[in-house]
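Reviewing the structure listed below.
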Amino acid sequence: MLHLCGKPHFRYSCLMFLVWVFQLVGLNSGFGLDSGLNQSLTYIWPLPCEHTSGNETLTVNPALSLSIIGHGGSFRILREGFRRYKRIIFKFSSGISVSRNSRRIRSLYDISALRIIVKSGSDELKLGVDESYTLFVDKTEGKSIVWETIIEASTIYGALRGLETFSQLCAFDYTTKSVQISRAPWYIKDKPRFAYRGLLLDTSRHHFPVDAIKSIIESMSYAKLILMHFLSRYLHIQNCGMVLTQNGSAIPSRMRVELSGIHVMAEVDVPGHAESWGAGYPDLWPNATCREPLDVTKNFTFDLISGILSEIREIFPFELFHLGGDEVNTDLWASFVLTDCWNKTRHVKQWLDKNKMKPKDAYRYFVLKAQEIAISKNWTPVNWEETFNAFAKNLNPRTVVHNWLGPGVCPKAVAKGFKCIFSNQNVWYLDHLDVSWDEVYYAEPLEGIGNASKQELVIGGEVCMWGETVDTSNVQQTIWPRAAAAAERLWSTEEALSADNNSVLQRLQYFRCLLNRRGVQAAPVTNYYARNPPSGSGSCYWQ
Amino acid sequence: MLHLCEKPHFRYSCLMFLIWVFQLVGLNSGFGLNSGLNQSLTYIWPLPCEHTSGNETLTVNPALSLSIIGHGGSFRILREGFRRYKRIIFKFSSGISLKLGVDESYTLFIDKTEGKSVVWETIIEASTIYGALRGLETFSQLCAFDYTTKSVQISRAPWYIKDKPRFAYRGLLLDTSRHHFPVDAIKSIIESMSYAKLNVLHWHIIDTDAFPLEVPAYPKLWNGAYSKWERYTVEDASRIVSFSYYLAWCTAGIHVMAEVDVPGHAESWGTGYPDLWPNATCREPLDVTKNFTFDLISGILSEPPTFVIFYLSLSFTEIREIFPFELFHLGGDEVNTDLWDSFVLTDCWNKTRHVKQWLDDNKMKPKDAYRYFVLKAQEIAISKNWTPVNWEETFNAFAKSLNPRTVVHNWLGPGVCPKAVAKGFKCIFSNQNVWYLDHLDVSWDEVYYAEPLEGIGNKSKQELVIGGEVCMWGETVDTSNVQQTIWPRAAAAAERLWSTEEALSADNITVLQRLQYFRCLLNRRGVQAAPVTNYYARNPPSGSGSCYWQ
Numbered sequence: 006m007l008h009l010c011g012k013p014h015f016r017y018s019c020l021m022f023l024v025w026v027f028q029l030v031g032l033n034s035g036f037g038l039d040s041g042l043n044q045s046l047t048y049i050w051p052l053p054c055e056h057t058s059g060n061e062t063l064t065v066n067p068a069l070s071l072s073i074i075g076h077g078g079s080f081r082i083l084r085e086g087f088r089r090y091k092r093i094i095f096k097f098s099s100g101i102s103v104s105r106n107s108r109r110i111r112s113l114y115d116i117s118a119l120r121i122i123v124k125s126g127s128d129e130l131k132l133g134v135d136e137s138y139t140l141f142v143d144k145t146e147g148k149s150i151v152w153e154t155i156i157e158a159s160t161i162y163g164a165l166r167g168l169e170t171f172s173q174l175c176a177f178d179y180t181t182k183s184v185q186i187s188r189a190p191w192y193i194k195d196k197p198r199f200a201y202r203g204l205l206l207d208t209s210r211h212h213f214p215v216d217a218i219k220s221i222i223e224s225m226s227y228a229k230l231i232l233m234h235f236l237s238r239y240l241h242i243q244n245c246g247m248v249l250t251q252n253g254s255a256i257p258s259r260m261r262v263e264l265s266g267i268h269v270m271a272e273v274d275v276p277g278h279a280e281s282w283g284a285g286y287p288d289l290w291p292n293a294t295c296r297e298p299l300d301v302t303k304n305f306t307f308d309l310i311s312g313i314l315s316e317i318r319e320i321f322p323f324e325l326f327h328l329g330g331d332e333v334n335t336d337l338w339a340s341f342v343l344t345d346c347w348n349k350t351r352h353v354k355q356w357l358d359k360n361k362m363k364p365k366d367a368y369r370y371f372v373l374k375a376q377e378i379a380i381s382k383n384w385t386p387v388n389w390e391e392t393f394n395a396f397a398k399n400l401n402p403r404t405v406v407h408n409w410l411g412p413g414v415c416p417k418a419v420a421k422g423f424k425c426i427f428s429n430q431n432v433w434y435l436d437h438l439d440v441s442w443d444e445v446y447y448a449e450p451l452e453g454i455g456n457a458s459k460q461e462l463v464i465g466g467e468v469c470m471w472g473e474t475v476d477t478s479n480v481q482q483t484i485w486p487r488a489a490a491a492a493e494r495l496w497s498t499e500e501a502l503s504a505d506n507n508s509v510l511q512r513l514q515y516f517r518c519l520l521n522r523r524g525v526q527a528a529p530v531t532n533y534y535a536r537n538p539p540s541g542s543g544s545c546y547w548q
Numbered sequence: 009m010l011h012l013c014e015k016p017h018f019r020y021s022c023l024m025f026l027i028w029v030f031q032l033v034g035l036n037s038g039f040g041l042n043s044g045l046n047q048s049l050t051y052i053w054p055l056p057c058e059h060t061s062g063n064e065t066l067t068v069n070p071a072l073s074l075s076i077i078g079h080g081g082s083f084r085i086l087r088e089g090f091r092r093y094k095r096i097i098f099k100f101s102s103g104i105s106l107k108l109g110v111d112e113s114y115t116l117f118i119d120k121t122e123g124k125s126v127v128w129e130t131i132i133e134a135s136t137i138y139g140a141l142r143g144l145e146t147f148s149q150l151c152a153f154d155y156t157t158k159s160v161q162i163s164r165a166p167w168y169i170k171d172k173p174r175f176a177y178r179g180l181l182l183d184t185s186r187h188h189f190p191v192d193a194i195k196s197i198i199e200s201m202s203y204a205k206l207n208v209l210h211w212h213i214i215d216t217d218a219f220p221l222e223v224p225a226y227p228k229l230w231n232g233a234y235s236k237w238e239r240y241t242v243e244d245a246s247r248i249v250s251f252s253y254y255l256a257w258c259t260a261g262i263h264v265m266a267e268v269d270v271p272g273h274a275e276s277w278g279t280g281y282p283d284l285w286p287n288a289t290c291r292e293p294l295d296v297t298k299n300f301t302f303d304l305i306s307g308i309l310s311e312p313p314t315f316v317i318f319y320l321s322l323s324f325t326e327i328r329e330i331f332p333f334e335l336f337h338l339g340g341d342e343v344n345t346d347l348w349d350s351f352v353l354t355d356c357w358n359k360t361r362h363v364k365q366w367l368d369d370n371k372m373k374p375k376d377a378y379r380y381f382v383l384k385a386q387e388i389a390i391s392k393n394w395t396p397v398n399w400e401e402t403f404n405a406f407a408k409s410l411n412p413r414t415v416v417h418n419w420l421g422p423g424v425c426p427k428a429v430a431k432g433f434k435c436i437f438s439n440q441n442v443w444y445l446d447h448l449d450v451s452w453d454e455v456y457y458a459e460p461l462e463g464i465g466n467k468s469k470q471e472l473v474i475g476g477e478v479c480m481w482g483e484t485v486d487t488s489n490v491q492q493t494i495w496p497r498a499a500a501a502a503e504r505l506w507s508t509e510e511a512l513s514a515d516n517i518t519v520l521q522r523l524q525y526f527r528c529l530l531n532r533r534g535v536q537a538a539p540v541t542n543y544y545a546r547n548p549p550s551g552s553g554s555c556y557w558q
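Chains as they are written, first to last, in the working numbering: chain A, 6 to 548; chain B, 9 to 558.
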């Protein structure tokens, strides 16, 4: 159970070893309470890189205090995060206490303070920001009965991940009516396996109220997902605290996602999937009956894309921007969105002939021009894999290729030096309801890529919640718990997980109940179809 | 569109008439924007008793101010500002008291002040703060965000709304035994109830499957919980109840009626106290012979922190003025004394030697013992100053012996309330064919057109039907899907229970559109209400599209 996380933390390696031995003893002594849950499992999701634990049970003071040690930077985000987690941790013990034992308990808290040490003063949220942290719940050296909780991290975002882990160690005990940490002392050293751990939310097929989106972002932070891929193809509706009006102007109303440490990547999918644009500006359609892909001939088309991208640059500070480019088939009969529409429209056809282009050339022309616009706004373009499959050589070398059609694309993309995001639809499309939690869990983004330097080009993966059959009423239970399965794949190292194959279902069921307790409508884990109701009465912990 | 709420409010009748004329003009001028929504409909759910509207569109200041005029009681006064023209003015005449049948009527005006020509005023008049809360809910439904001007607007002003509930008891049953719901999930449900003006949460805490509630006097009872985490402390229970009454007092004002279902449906009790089982293999109904059984019931019913005295532990001064909810549900269902037609067999009593002995000694058949048990539980409840509610089986089996104060809770089918009120009992309507929300194939309109007073012609008998309740039994709902199983169908029942038949009769054609609008309103407020017209409740939407037509 001792997994090494790159360089071992030298100062604590001795302590770790002792604790490890200690833990082995602790494990054998058994914890079995009434519940049938295996108390010896580590109920932290996703599983940390390295951890050791002991066999003591500590109580945590509801008036837990925070001290932050670090240079520069503003710790506003961290303080806000601490408050947020305090609400989560002490949800059950706050309020009026009429417990007969309460006075006695109050004087006996083992943990009353949390210390966070942040090494870097920067609070910039970039892709690849250092999210590593070390979490101790330990006795102070020298004094024998003082327990200390310390989170050490390079950045505040690492500290936020550490807070999440800390909150998962805390559990309300109904007998003593206090929040407890069992199996102390804890030593956890953790960092993500991939920098990009995403969830796509499609707000185009169904509208989600802003509050619903906020809840999803909050729930993502529980599973240490870091990126919401936000897709809105309908320009005339508003989303995400942002109003895109028909003249292409956008007004931010500050969705403070940085508080959860989560990026938001916007997608403007061109040239296909854009019929709705023309509802306000019919000029964007090749003609009134043939509406997709967007008219490639007009400057107005690209002016508008450029206008939109400038307008929303401030709202989406994240460095990646998704330009779509999917499902524009240049082959007439195997098509979803036909470029045939271009062939059929007179002025477009003329333009194609004049420029000696076939529709597929115009498709390339369109995608590359959109890429140029994005790069000029200081964005790194992301495109769905069709663009790579059709004209890999012409793609801007900074392009991030977003896989979806099936397995095997990332190996090809990284072989040509492109970065890649794994979203193989057979396993990571959440709208495929018949994909079970374990198929999601055992999907491997690096499959077929042996070379370590090529592996690094796979920046991560993303589960996709397409919106045809989800709306506000059922989006949470379609996302969860399966997104959590992918989240662990993306966060935890293979070494950390290899020791844990037998307990993963139990741990995921526990995490699903944790989501439920925190107000997230995660569905039962083992149902054959995702988001189905429980099959009968029973405990959350075994359904 | 002008429906009279029994006695017309004399002072305003003239004004009403004027506005009514005004409205007629407004309606004909039409409102059609791009949305396909019929702007001339009154999107208030449940529909008020009486309302008139005009054709002006007003903007509402986000810094809306509140002034309260009233005597007695203590109000937490919120002072905010109303930009441009408006303020909300509350007028009450009495203090806090949330009893069943508390006056929930209110009058809501959004009108130009007489004399000054451009000053608009919003006034809510109510007898009690609970009426004012209902009025506030209505006011919130009049306000809608306009995406073009980016402001909150009230269209079709001036408004005059006079409203009061048709039934005093408008309930939702939540079953926390078959699946455990975290406290926050319950609070969300309570909050959402207030949007539809439901006012009783029937908390079916305990059943055969699990005993999640802490009873300090009998600390082993909650060993019957599913796991060491799926429990409710007394603090949780009091938090849920006080939340219903106070913490969200701006929106709630909801009773919590607890249910302790005896003698059947109680197997989980014996996990901590096996003595309650007739024997180790035959565990329901509870052992009728032992004093311990009744001592324990008495202990639960008098458990101070849980249901009664926790009010006193809260620090608000006004709490002392509050009466805890007067009804207590004692279950009594599905104890069949006929061996072969049974869910929970009293046969268990026959099979257990000491119980059989006791029956013989007391010259009782199992069905007599069932009656004995129910009546004894009723006595205990009454001695604790509660009015007992029992499922209809008790009435069907021994109506004559039931305490006359008993409220009969219908569920098996139609026609029970007419019989119960004929014998002078109060009745709650929950016909399972229409108001059991776990019946997923009951469509919104079957829920909607169910009539609690069906078969009761006599007016004085009608008054004995105190209301109705939709029941969310927990076998296939847990935290992940309870909201979309409850909503939007519970809203259909909520309008039936709130709005008068006269108010609704003019509205038969638009009800689906209005319900779809209300479902989207629930969504916007964070409630996971499912699409309205799906064949099976809580199914996903069938494809892409707007909330307003799915």
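Cβ atoms here follow ideal geometry from the backbone N, Cα and C, with glycine treated the same way.
Of all the options the options, which has the alpha carbon lying nearest to the alpha carbon of residue i?
i: glycine 179 of chain B; options: B:Ser552, B:Trp443, B:Leu448; result: B:Trp443
i: alanine 200 of chain A; options: A:Glu136, A:Phe307, A:Val151, A:Lys182; result: A:Glu136
i: glutamate 127 of chain A; options: A:Thr160, A:Phe95, A:Gly133, A:Leu119; result: The amino acid at residue 127 of chain A is misidentified as glutamate; the sequence shows serine. Residue A:Thr160 is the option with its Cα nearest to serine 127 of chain A.
i: alanine 527 of chain A; options: A:Val372, A:His327, A:Leu510, A:Ala489; result: A:Ala489
i: leucine 309 of chain B; options: B:Lys392, B:Asn542, B:Ile132, B:Ser159; result: B:Lys392
i: glycine 272 of chain B; options: B:Lys427, B:Leu294, B:Arg497; result: B:Leu294
i: alanine 501 of chain B; options: B:Asn466, B:Pro426, B:Leu206, B:Thr60; result: B:Leu206
i: valine 191 of chain B; options: B:Pro548, B:Asp303, B:Leu221, B:Glu342; result: B:Leu221
Taking all protein chains shown into account, decide if residue i is buried (16 or more other Cβ within 10 angstroms of its Cβ) or exposed.
i: glutamate 267 of chain B; result: buried
i: aspartate 358 of chain A; result: exposed
i: threonine 180 of chain A; result: exposed
i: lysine 398 of chain A; result: exposed
i: asparagine 531 of chain B; result: buried
i: arginine 88 of chain A; result: exposed
Quick check on DSSP: helix, strand or coil for residue i?
i: proline 386 of chain A; result: strand
i: cysteine 435 of chain B; result: strand
i: methionine 470 of chain A; result: strand
i: proline 173 of chain B; result: coil
i: valine 269 of chain A; result: strand
i: aspartate 446 of chain B; result: coil
i: tryptophan 53 of chain B; result: coil
i: valine 440 of chain A; result: coil
To the nearest angstrom, how far is it from the Cα of residue i to the Cα of residue j?
i: threonine 1 of chain B; j: isoleucine 52 of chain B; result: Outside the displayed range of chain B (9 to 558) lies residue 1 of chain B, so it cannot be described from this structure.
i: tyrosine 446 of chain A; j: valine 414 of chain A; result: 19 angstroms
i: isoleucine 214 of chain B; j: valine 249 of chain B; result: 16 angstroms
i: lysine 229 of chain A; j: valine 525 of chain A; result: 15 angstroms
i: arginine 369 of chain A; j: glutamine 430 of chain A; result: 24 angstroms
i: proline 70 of chain B; j: threonine 208 of chain A; result: 27 angstroms
i: valine 540 of chain B; j: serine 552 of chain B; result: 15 angstroms
Kindly give me the distance between the Cβ atoms of residue i and residue j, rounded to whole angstroms, as I take these residues to be in contact under 8 angstroms.
i: arginine 536 of chain A; j: threonine 483 of chain A; result: 5 angstroms
i: glutamine 173 of chain A; j: leucine 519 of chain A; result: 7 angstroms
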